[in-house]
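Q: Please read through the structure below; I'll follow up with questions.
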Amino acid sequence: MLYNTHINIGGDSSTVQIIEAKCSCVAGTALCNHNVALLYQTAHYSHLNLAAVPPVLTCTETEQRWHKPKIMGVKPGRVSDMVVMSTKPKQRTFANGVRSTLYKAVRGELPDPVVLKVAEAYKNFSADIAPLITTMAISADVPLVESAFGKVQEGSPISYQPPVPVSRAIFYHPDAPPPPPLPVDGYKLEPTSCQFACSLQQQLLLQSLQTTLDMCRKIEVATREQSVSVEWHQVRKNRVTSSHFKE
21 MLYNTHINIG GDSSTVQIIE AKCSCVAGTA LCNHNVALLY QTAHYSHLNL AAVPPVLTCT
81 ETEQRWHKPK IMGVKPGRVS DMVVMSTKPK QRTFANGVRS TLYKAVRGEL PDPVVLKVAE
141 AYKNFSADIA PLITTMAISA DVPLVESAFG KVQEGSPISY QPPVPVSRAI FYHPDAPPPP
201 PLPVDGYKLE PTSCQFACSL QQQLLLQSLQ TTLDMCRKIE VATREQSVSV EWHQVRKNRV
261 TSSHFKE
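In the working numbering, each residue carries its 1-based index in the sequence shown increased by 20.
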């Protein structure tokens, strides 16, 4: 919906005073948000030293933008994490889309020592007849890094596309001292001055969340693996945690 706004401004260059402000909206008798938007836009034009409102150009009157990549909402990721799905789902298709099935198709360690001598083997070939592998900067001088398929050359697509899988297993050092039992003995929260009258249902909920010192220590030991632990999910129910505290 379009509204007609009118603002009469007076004063000098250092001090600006609104003499009159009108708008055709319901709140037009006061300083409505349409007039405020007009003031912000006018201040923007004044900051750009524009003597008049610039014309509104169509898309064909400005620079084309097809060469500028649109990266809003698109983040780089690994090929193994991508899912290709059809815009029009058909029958007899996978519900979860098509995923990468990258696997190690060769036996033995990577890279093959013969592959590292590509530049030496094709040094007498010109660039127009040399195989494509000679353009991949493969050399025995490039250091090797770990990947999901073993050691590969640093900077190669395999080095960052299938990295070493991250294990969620917890390995304890045999000579490490045991963690202290939590909560610490003698530690208590200071009394609060906040007073709140709970309903019967709220009182029952608070009573169900109460734990003893022995229960706290058992819960701390049983939930160290966090989301992998079943007890971790059960204890988090009906409790305010850092994950949804802002809600």
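Glycine residues also receive a C-beta, built at the ideal position from the N, C-alpha and C atoms. In this text the structure is predicted, and so the values were computed from the model without any measurement.
#1: Look up residue 164 in the DSSP assignment and give the residues it is bridged to.
#2: Please identify the residue among 118, 166, 160 whose C-alpha is closest to the C-alpha of residue 186.
#3: Have a look at 72, 61, 237, 223 and flag the residue whose alpha-carbon is nearest the alpha-carbon of residue 205.
#4: When you compare the CB positions of residue 138 and residue 119, do they come within less than 8 Å of one another, or not?
#5: Determine, using beta-carbon pairs with one atom in the segment 136-156 and one in the segment 186-204, whether at least three such pairs fall under 8 Å.
#6: What whole-angstrom Cβ distance do residue 40 and residue 24 have, given they're in contact under 8 Å?
#7: One question on the structure: do residue 124 and residue 191 come within less than 8 Å of each other, judged by their Cβ atoms?
#8: Could you check whether residue 255 and residue 239 sit closer than 8 Å to each other, using their CB atoms as the reference points?
#9: Is it right to say residue 200 is buried, meaning 16 or more other beta carbons lie within 10 angstroms of its own, or is it exposed?
#10: How should residue 55 be labelled, buried or exposed, when 16 other C-beta atoms within 10 angstroms of its C-beta is the threshold for buried?
#11: Out of 181, 203, 202, which one is the CA nearest neighbour of residue 122?
#12: Label residue 250 either buried or exposed according to how many other C-beta atoms from any shown protein chain fall within 10 Å of its C-beta, with 16 as the threshold for buried.
#13: Starting from residue 56, trace the alpha helix (DSSP H) in both directions and tell me its first and last residue.
#14: Using the beta-carbon count (16 or more within 10 Å), is residue 37 buried or exposed?
#15: Determine whether the beta carbon atoms of residue 171 and residue 136 lie at a separation below 8 Å.
#16: Measuring CA to CA, which of 30, 69, 21, 174 is closest to residue 44?
#17: Please state the DSSP three-state secondary structure of residue 193.
#18: Assuming residue 258 and residue 224 form a contact by the criterion Cβ under 8 Å, report the distance between their Cβ atoms to the nearest whole angstrom.
#19: Would you mind stating whether residue 241 and residue 188 have Cβ atoms separated by less than 8 Å?
#20: Under DSSP, the alpha helix (DSSP H) around residue 221 begins and ends at which residues?
#21: Please name the residue in 149, 63, 101 whose C-alpha comes closest to that of residue 117.
#22: Given a cut-off of 8 Å, decide if residue 65 and residue 73 are closer than it, judged by their beta-carbon atoms.
#23: Measure from the alpha carbon of residue 71 to the alpha carbon of each residue in 79, 62, 77, 78, then state which is nearest.
A: In terms of the structure at hand:
#1: As a working note, residue 164 is residue 144 in the sequence shown. Paired residues: 173.
#2: Taking the first residue of the sequence shown as 1, we reach residue 186 at position 166. The residue with the shortest Cα to Cα distance from residue 186 is 166.
#3: Here residue 205 corresponds to residue number 185 of the sequence shown, with the count starting at 1. Nearest option by C-alpha distance: 237.
#4: The residue given as residue 138 occupies position 118 in the sequence shown. The residue given as residue 119 occupies position 99 in the sequence shown. No, these two residues do not count as a Cβ contact at 8 Å.
#5: no
#6: Locating residue 40 in the sequence shown gives position 20, counting from the first residue. Locating residue 24 in the sequence shown gives position 4, counting from the first residue. With 8 Å as the limit, residue 40 and residue 24 do not qualify as a contact, their Cβ atoms being about 14 Å apart.
#7: Residue numbering aside, residue 124 sits at position 104 when the sequence shown is read from its first letter. Residue numbering aside, residue 191 sits at position 171 when the sequence shown is read from its first letter. No, these two residues do not count as a Cβ contact at 8 Å.
#8: Residue numbering aside, residue 239 sits at position 219 when the sequence shown is read from its first letter. Residue numbering aside, residue 255 sits at position 235 when the sequence shown is read from its first letter. The answer is yes: Cβ separation under 8 Å.
#9: Here the question's residue 200 lines up with position 180 in the sequence shown. So residue 200 ends up on the exposed side.
#10: Against the sequence shown, residue 55 aligns to sequence position 35. Answer is buried; the Cβ neighbour count reaches 16.
#11: In the sequence shown, the residue the question calls residue 122 occupies position 102. Of the listed residues, the one whose Cα sits closest to residue 122 is 181.
#12: Counting from one through the sequence shown, the residue named residue 250 turns up at place 230. That one is exposed.
#13: On the sequence shown, position 36 is the one that residue 56 refers to. Run containing residue 56: 53-67, per the alpha helix (DSSP H) assignment.
#14: Here the question's residue 37 lines up with position 17 in the sequence shown. Exposed, because fewer than 16 other Cβ atoms sit within 10 Å of the Cβ of residue 37.
#15: Position 151 of the sequence shown, counted from the first residue, corresponds to residue 171. Position 116 of the sequence shown, counted from the first residue, corresponds to residue 136. No, Cβ-Cβ distance for residue 171 and residue 136 is not below 8 Å.
#16: Sequence index remark: in the sequence shown, residue 44 carries index 24 (1-based). When each option's Cα is compared against that of residue 44, the closest is 21.
#17: The count along the sequence shown starts at 1 and reaches residue 193 at position 173. Three-state DSSP puts residue 193 in coil, outside helix and strand.
#18: By 1-based counting over the sequence shown, the position of residue 258 is 238. By 1-based counting over the sequence shown, the position of residue 224 is 204. Not a contact, Cβ separation roughly 11 Å.
#19: For the purposes of this step, residue 241 is taken as residue 221 along the sequence shown, with counting starting at 1. For the purposes of this step, residue 188 is taken as residue 168 along the sequence shown, with counting starting at 1. Their beta carbons are not under 8 Å apart, which means residue 241 does not touch residue 188 by this criterion.
#20: On the sequence shown, position 201 is the one that residue 221 refers to. Where residue 221 is concerned, the enclosing alpha helix (DSSP H) stretches over 220-229.
#21: On the sequence shown, position 97 is the one that residue 117 refers to. Out of 149, 63, 101, 101 has the C-alpha closest to the C-alpha of residue 117.
#22: Indexing the sequence shown from 1 puts residue 73 at position 53. Indexing the sequence shown from 1 puts residue 65 at position 45. Yes. Within cutoff.
#23: Numbered from 1 along the sequence shown, position 51 holds the residue referred to as residue 71. When only C-alpha atoms are compared, the closest one is 62.
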